[in-house]
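Using our numbering, the letters of the sequence shown correspond one by one to residues 13 to 100.
Every residue, glycine too, gets a C-beta built ideally from N, C-alpha and C.
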Amino acid sequence: MKPVITEKSMDIMQRLNQVTVKVKPDSNKAEVKMAFERIFQVKVVDVRISNVRAKETTRGSKFKGSISGYKKAIVTIAEGEAIDLFKE
Numbered sequence: 013m014k015p016v017i018t019e020k021s022m023d024i025m026q027r028l029n030q031v032t033v034k035v036k037p038d039s040n041k042a043e044v045k046m047a048f049e050r051i052f053q054v055k056v057v058d059v060r061i062s063n064v065r066a067k068e069t070t071r072g073s074k075f076k077g078s079i080s081g082y083k084k085a086i087v088t089i090a091e092g093e094a095i096d097l098f099k100e
C-alpha cells in the first residue's frame with residue numbers, strides 16, 4: 013500500500029476521515045480492510061476500490077510515453093480514529 017497524495021485525497025482525509033492508497037491489482041475489498049486494520053490498528057468502516065486507467069503522454073511533439081494505470085482504494089476510518097501515513 014502506498015498513499016495517493018493529491019489535493020482531493022488530502023481534502024477527503026481531513027473532512028471525511030478517508031484515506032486514499034494504491035493497492036495491488038489483484039487485491040479486493042476484504043483484503044484491503046484486513047490489511048488496514050492489522051497494520052494501523054484502526055476500525056475500518058468502508059472500502060471503495062477503483063481502477064485508474066493508463067494515460068498516454070507527450071513531451072513536445074516528438075516524445076511519446078505513457079503513465080501506467082493502477083488500482084486505488086479509498087478507506088473510510090471510524091470517527092475518532094486517525095492514522096499517520098507519512099511517518100518516517
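- For D58, the beta-bridge partners assigned by DSSP are T88.
- When C-alpha distances from A42 are compared across R60, V33, Q30, Q53, the shortest belongs to R60.
- Between the segment 44–54 and the segment 62–74 there are fewer than three inter-stretch CB-CB distances shorter than 8 Å, so the stretches are not counted as touching.
- Secondary structure of V35 (DSSP, three-state): strand.
- Secondary-structure assignment with DSSP links E19 through no beta bridge to anything.
- In the structure shown, E93 adopts coil according to DSSP, grouped into three states.
- When C-alpha distances from K67 are compared across D58, V57, S78, the shortest belongs to S78.
- Here A90 is exposed: its Cβ has fewer than 16 other Cβ atoms, across all protein chains shown, within 10 Å.
- Collapsing the DSSP output to three states places K45 in a helix.
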